[in-house]
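Notes to accompany the following structure.
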Amino acid sequence: MEHPPRRRHRAVLAMSAALLVAAGMVTVLNVESARALDNGVARTPPMGWNSWNTFGCNINESLIKQMV
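If you count by the working numbering, then the sequence shown holds residues -18 to 49, one letter each, in order.
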């Protein structure tokens, strides 16, 4: 036969576990998907002059005028 404090401890542990499982289920089931506008803007990455990969930190006015 179990002692009353041990029985109470086991009941509290079971209730805590049930509460954690319920909270986890509520969190998982309420996840929303990402929202985005369906206006056709930026469906592909922007294309154009990528200064960093080619020139690093050596960008100045004359370089930009040459590229234009």
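All residues carry an ideal CB built from backbone N, CA and C; glycine is no exception.
Just so we're clear, the structure is a prediction, and the values are computed from it rather than from any experiment.
Along the chain, where does the alpha helix (DSSP H) that runs through residue 5 open and close? Here residue 5 refers to the residue found at position 24 when the sequence shown is read from its first residue. Per DSSP, residue 5 belongs to the alpha helix (DSSP H) from -15 to 10.
Span separating the alpha-carbon of residue 45 from that of residue 27: Indexing the sequence shown from 1 puts residue 45 at position 64. Indexing the sequence shown from 1 puts residue 27 at position 46. One C-alpha to the other measures close to 19 Å.
What separation, rounded to the nearest whole angstrom, lies between the Cα atoms of residue 47 and residue 38? Mapped onto the sequence shown, residue 47 falls at position 66. Mapped onto the sequence shown, residue 38 falls at position 57. If you take the alpha carbons of residue 47 and residue 38, they lie about 16 Å apart.
With residue 48 as the anchor, note down where its alpha helix (DSSP H) starts and where it stops. One-based indexing of the sequence shown puts residue 48 at position 67. Looking at the DSSP string, the run of the alpha helix (DSSP H) that includes residue 48 is 42 to 48.
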